[in-house]
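Data block below; observations after.
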Amino acid sequence: MPQADTARFLRDLHELRRIGAFKTGVHRPTYSPQDMESRRWLMERMREAGLEPTIDGIGNVFGRHSGAGPHILSGSHIESQNEAGWLDGALGVVGALAIARAGLPVDVCAFADEEGHFEGGFLGSRSIIGELDDAEIDRSRNRTDGTPLRDALAAAGLAGLPRMQIDPSRYKGFFEMHIEQGTQLERAGLRIGVVTGIVAIWQFRLVVEGQQDHAGGTTMAERRDAGLTAVRLLAAIDAEFPRICGERSTWTAGRIAVEPGAPSIIPGKAEVLFQFRDISVETLRRMEATLRALVQESNRRERCATTLQVISRSTPALSDARLMGALDAAAEAHAPGAWQRMPSGAGHDAQYIAKQVPAVMLFVPSIGGVSHHWSENTTDEDLATGAQVLVDGAARFLAGA
9 MPQADTARFL RDLHELRRIG AFKTGVHRPT YSPQDMESRR WLMERMREAG LEPTIDGIGN
69 VFGRHSGAGP HILSGSHIES QNEAGWLDGA LGVVGALAIA RAGLPVDVCA FADEEGHFEG
129 GFLGSRSIIG ELDDAEIDRS RNRTDGTPLR DALAAAGLAG LPRMQIDPSR YKGFFEMHIE
189 QGTQLERAGL RIGVVTGIVA IWQFRLVVEG QQDHAGGTTM AERRDAGLTA VRLLAAIDAE
249 FPRICGERST WTAGRIAVEP GAPSIIPGKA EVLFQFRDIS VETLRRMEAT LRALVQESNR
309 RERCATTLQV ISRSTPALSD ARLMGALDAA AEAHAPGAWQ RMPSGAGHDA QYIAKQVPAV
369 MLFVPSIGGV SHHWSENTTD EDLATGAQVL VDGAARFLAG A
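Per my numbering: the sequence shown = residues 9 to 409.
Below, the structure written as structure tokens:
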């Protein structure tokens with residue numbers, strides 16, 4: 009079986025982390041000068057690995073293998089969250105380079121904006137499968153500063169470049185390596201996770217309408233406090249969801265905002281961005297039904313009316329059985345007894361590629377489960393083991409094992 013050049017793999021990872029370095033992590037927001045520098049760096053590494061590199065009009069960097077197939081596709085993303093970790097995304101791209109350097113027929117891709125700096129998110133992987141249209145690009149804005157996506161693309165030198173799409177018939181499968189972004193592997197003393205599937209994320213907006221009024225002159229009996237209604241509803245959700253959720257379900261109130269947000273004014277409006285995640289559609293539907301029932305009960309009891317708005321419902325992406333089998337065998341060869349199958353609680357580019365190409369993911373441990381923070385880290389030993397398993401698994405799959 010081909011072997012990963014783990015020394016070169018680690019050297020590439022540590023070299024890449026110097027671009028946009030922030031404390032022990034990186035700051036490479038999508039289309040920033042640091043992000044574009046990292047994409048140019050990657051194209052040079054692709055050339056060195058014998059691939060033909062291009063960059064397209066949404067920022068995808070693609071390294072094409074020029075030899076005979078059957079081919080596989082592998083990659084992830086190299087932009088980061090703001091002031092975040094050095095491995096989230098970058099690991100999968102450098103791992104894909106390791107597959108190429110091992111002599112396997114692989115196309116390598118760094119997808120743009122998996123981290124969702126721009127409205128819509130997953131711009132690169134959605135574009136490359138034909139699910140991003142010009143109308144969405146026209147209306148998308150940066151979530152932090154409001155910059156139009158078209159302006160950001162122009163500033164990055166990408167305006168006018170064509171956007172590529174993959175030909176699914178070219179690929180036998182897709183591999184993505186990633187840090188776990190959780191503690192399951194570390195707590196169990198394991199070194200590898202073979203991902204069974206990627207959860208769906210269902211997102212909602214809760215809008216509570218009350219009455220803005222004076223915090224001193226309005227008695228408690230007279231109040232229609234939208235903030236307190238929102239808090240009581242979230243407490244009810246948190247109490248009820250454990251009774252109906254799945255083993256790995258999660259739910260988050262990621263944004264809670266009250267208007268006008270002043271210390272001496274009773275909030276007249278509250279808005280909550282709420283999401284839950286699971287790999288089972290049946291569980292997701294049960295959670296939504298429970299959420300709707302709790303909103304209905306809140307409207308019966310409270311003086312403030314709550315409206316539930318659907319933002320998005322994604323679909324779980326289950327890993328391909330043959331790809332998982334190849335990684336299982338590779339994990340046992342390089343980390344005997346120190347691996348497990350597990351779902352992914354986070355979203356990844358693989359869930360979009362899986363719509364057209366059989367896909368799988370490979371996890372390595374995250375120290376302390378930390379991710380989306382500059383202290384994110386994984387030991388070099390675990391990173392190297394992950395690279396070996398990835399290359400071995402890709403080789404076994406291509407050989408039909």
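For glycine and all other residues, C-beta sits at the position ideal for the given N, C-alpha and C.
In summary, D388 is exposed, with fewer than 16 beta-carbon neighbours lying within 10 Å of its beta-carbon over all protein chains present. For T204, the uninterrupted beta strand (DSSP E) segment begins and ends at 200-206. Pairing W347 with I200 gives a Cβ-Cβ distance under 8 Å.
From the listed residues E248, M9, D175, G75, the smallest Cα separation to L299 is found for E248. Contact between A244 and L316 is ruled out by a C-beta separation of about 13 Å, above the 8 Å threshold.
In terms of Cα proximity to A337, the closest of K363, S320, F405 is F405. In the DSSP assignment, I145 falls within the unbroken alpha helix (DSSP H) covering 142-147. Within the DSSP secondary-structure output, C312 pairs in no beta bridge. Under the three-state reduction of DSSP output, W49 falls in the helix class. In the DSSP annotation of this structure, E139 is not part of any alpha helix (DSSP H), being labelled neither H nor E. Just measuring C-alpha positions, the residue of G353, T386, A395 sitting nearest G33 is T386.
Per the DSSP secondary-structure output, A92 pairs in a beta bridge with V34. P250: member of the alpha helix (DSSP H) spanning 234-252, first to last residue. Around the Cβ of V203, a 10 Å sphere holds 16 or more other Cβ atoms; the residue is buried. The segment 302-311 makes no contact with the segment 363-383: fewer than 3 CB pairs, one atom from each, lie closer than 8 Å.
If you draw a straight line from the Cα of V216 to the Cα of T260, it is about 17 Å long. With 16 or more neighbouring CB atoms inside 10 Å of its own CB, A402 falls in the buried class. The three-state secondary structure of T386, taken from DSSP, is coil.
Annotation for I187: the continuous beta strand (DSSP E) segment containing it runs 179-187. The DSSP-derived three-state label of T298 is helix.
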